[in-house]
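K.L.:
Protein chains in written order, with the numbering used here: chain A, 907 to 1135; chain B, 21 to 277.
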């Protein structure tokens, strides 16, 4: 039913989105923590920068990434020369683009969850002698888990669908950066590509709906688990 | 109270320029043209405006993208394609005015590298493309499954026996100007573009010209789109093929039939 190129695109999309979310989750938790719990100089600026991918045209984000992380860019050049890591035209670059684009979604979800955590429980744990780190891992983190899970899944779906930043930064390389969105884009220009494009559109639709459904389900499950514990 | 006044003022401010723009748009001609024509066609449109007082709006993209958009009813009055195939595609579907179709321009296919690389390649059968790209370099051109420059590139590299290797290092760009930009930035080690694109950039160097018999002749057909046929559209098309425009086309490096 599906051609090798289509299956490759699907596999690649899942891989890229998974790496993007897994890689950005720890940083997202840290940033959400800073924004929810701390007052510091430049907080508004950090908040704005985190949300930029949500309000800027994706092609602008892609352009930033190209200029900064291309092999000729300051960061990309350093990575390439010292570590031999090349992001442009590779799946790792695609994952970076997807991670940047979906980052604000994860941060927002985690921040909301974090703000809803009852700080009385944390204080109680502290008075019972738990260290700050212990409190975070055994009280705060489990309580904000629903936010992390649902934010992660929504970000996963968004990462699956990124187009503008990806094509601007890592191009359209079959089997390396040609994700589902890019494959659909290529097919819309191909004569008689409509049937194949439609098949991929249906896959994208199924993945998106599946992710939203899973997010809801997971959040409910985790909430029930915490309620019982 | 204050807020609702503010909102109303904001709404009015948003709507005002919109109204005037829609009016201006209705008497402007819309031309869908292959990305490689951008520099030259814009210059010609400026000249046309001086003569006729009429403005022209453009949408520059890959011919494949434009042909598909016209098929879906995009409001283009004129289509200029970078290959005959995409014009055939619209003609088969009865979407262009056949009598107006005119293959006006020709071009050459070249291999470009970033300007900093002093490289010259003799593009003959069996040439070493791997040496041009180095250990991990990639090359870029339009998507060969649809975009004209990519189709020409695939034909040429196949004829020279380099396609099998080239395929594994290919970055598929949306159109030829995107491909050019990636070579300009030095992110792609090489690119296959038209000679006129290479000439329009100071940041790339032509490393070699593909032999004309290695690919289908590069030909730019122009035609009036049937759904938006008008005297104004035909007038602009006449100007584009006229003596004054011919000089401009040649000045930008196109060969004129």
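For glycine and all other residues, C-beta sits at the position ideal for the given N, C-alpha and C.
Relative to chain B, which residues along the region 986-1006 of chain A have a C-beta separation below 9 Å, given in chain order?
P.N.:
992, 994, 995
K.L.:
Do residue 272(B) and residue 63(B) have their CB atoms nearer than 9 Å?
P.N.:
As a working mapping, residue 272(B) is identified with position 252 in the second chain. As a working mapping, residue 63(B) is identified with position 43 in the second chain. Cβ distance < 9 Å, so residue 272(B) and residue 63(B) count as in contact.
K.L.:
At which residues does the beta strand (DSSP E) containing residue 190(B) begin and terminate?
P.N.:
Mapped onto the second chain, residue 190(B) falls at position 170. Looking at the DSSP string, the run of the beta strand (DSSP E) that includes residue 190(B) is 190-193.
K.L.:
For residue 1046(A) and residue 981(A), I'd like the C-alpha separation in whole angstroms.
P.N.:
What you label residue 1046(A) is simply residue 140 of the first chain in a count that begins at 1. What you label residue 981(A) is simply residue 75 of the first chain in a count that begins at 1. When rounded, the distance between both Cα atoms is 35 Å.
K.L.:
Which partner residues does residue 211(B) have in the DSSP bridge list?
P.N.:
The residue labelled residue 211(B) in the question sits at position 191 within the second chain. DSSP output for residue 211(B) lists 132(B), 160(B) as bridge partner(s).
K.L.:
Should residue 961(A) go down as buried or exposed, given a rule of 16 or more other Cβ atoms within 10 Å for buried?
P.N.:
Translated into positions along the first chain, residue 961(A) becomes position 55. Exposed, since its Cβ has fewer than 16 Cβ neighbours within 10 Å.
K.L.:
Determine whether the beta carbon atoms of residue 81(B) and residue 55(B) lie at a separation below 9 Å.
P.N.:
Here residue 81(B) refers to the residue found at position 61 when the second chain is read from its first residue. Here residue 55(B) refers to the residue found at position 35 when the second chain is read from its first residue. Yes.
K.L.:
Rounded to the nearest angstrom, what separates residue 1017(A) and residue 916(A) at their Cα positions?
P.N.:
Here the question's residue 1017(A) lines up with position 111 in the first chain. Here the question's residue 916(A) lines up with position 10 in the first chain. Looking at the two C-alpha atoms, the distance is approximately 31 Å.
K.L.:
So does residue 274(B) have its beta carbon nearer than 8 Å to some heavy atom of the ligand FMN?
P.N.:
In the structure shown, the ligand FMN is absent, as is every other ligand, since no ligand is present at all.
K.L.:
Does the structure place the region 238-248 of chain B close enough to the region 137-153 of chain B that three or more beta carbon pairs sit under 8 Å?
P.N.:
no
K.L.:
What residues from chain B crowd round residue 978(A), counting only those whose CB sits closer than 8 Å?
P.N.:
Taking the first chain and counting its residues from 1, the one referred to as residue 978(A) is at position 72. Those within 8 Å of residue 978(A) in chain B are 205, 206, 207.
K.L.:
Name the DSSP bridge partner or partners of residue 100(B)?
P.N.:
Within the second chain, numbered from 1, the residue matching residue 100(B) stands at position 80. Residue 100(B) is bridged to 53(B), 242(B).
K.L.:
Beta-carbon separation of residue 1084(A) and residue 88(B) under 9 Å?
P.N.:
In the first chain, the residue the question calls residue 1084(A) occupies position 178. In the second chain, the residue the question calls residue 88(B) occupies position 68. Contact flag unset, no.
K.L.:
Decide if residue 1064(A) is buried, meaning its Cβ has at least 16 other Cβ atoms within 10 Å, or exposed.
P.N.:
Here residue 1064(A) corresponds to residue number 158 of the first chain, with the count starting at 1. Its Cβ being crowded by 16 or more others within 10 Å, residue 1064(A) is buried.
K.L.:
Check whether the Cβ atoms of residue 163(B) and residue 193(B) sit closer than 9 Å, and answer yes or no.
P.N.:
What you label residue 163(B) is simply residue 143 of the second chain in a count that begins at 1. What you label residue 193(B) is simply residue 173 of the second chain in a count that begins at 1. Taking 9 Å as the Cβ cut-off, residue 163(B) and residue 193(B) qualify as a contacting pair.
K.L.:
Can you tell me which residues form a DSSP beta bridge with residue 116(B)?
P.N.:
Numbered from its first residue, the second chain carries residue 116(B) at position 96. According to DSSP, residue 116(B) bridges with 245(B).
K.L.:
List the endpoints of the continuous alpha helix (DSSP H) containing residue 997(A).
P.N.:
Numbered from its first residue, the first chain carries residue 997(A) at position 91. First-last of the alpha helix (DSSP H) with residue 997(A): 997-1021.
K.L.:
State the CB to CB distance for the pair residue 229(B) and residue 133(B), rounded to an integer number of angstroms; the pair is presumed to be in contact (CB under 8 Å).
P.N.:
Indexing the second chain from 1 puts residue 229(B) at position 209. Indexing the second chain from 1 puts residue 133(B) at position 113. The pair is not a contact, with the Cβ atoms about 13 Å apart (cut-off 8 Å).
K.L.:
If contact means a Cβ-Cβ distance below 8 Å, which residues of the region 70-101 of chain B contact chain A?
P.N.:
82, 84, 85, 88
K.L.:
For residue 1079(A), which residues in chain B fall below 8 Å Cβ to Cβ?
P.N.:
Residue 1079(A) sits at position 173 when you count from the first residue of the first chain. Correct list: 158, 190, 191, 192.
K.L.:
Beta-carbon of residue 139(B) versus every beta-carbon of chain A: anything under 9 Å?
P.N.:
In the second chain, counting from the first residue as 1, residue 139(B) sits at position 119. Not closer than 9 Å to any Cβ of chain A, the Cβ of residue 139(B) fails to qualify, so no.
K.L.:
Output the residue ranges of the alpha helix (DSSP H) runs that lie fully inside the region 1019-1094 of chain A and measure 4 residues or longer, sorted by chain position.
P.N.:
1025-1033, 1038-1041, 1047-1067, 1070-1076
K.L.:
In chain B, what lies closer than 7 Å to residue 1096(A) by C-beta?
P.N.:
Looking up residue 1096(A) in the first chain gives position 190. Result: 165, 166.
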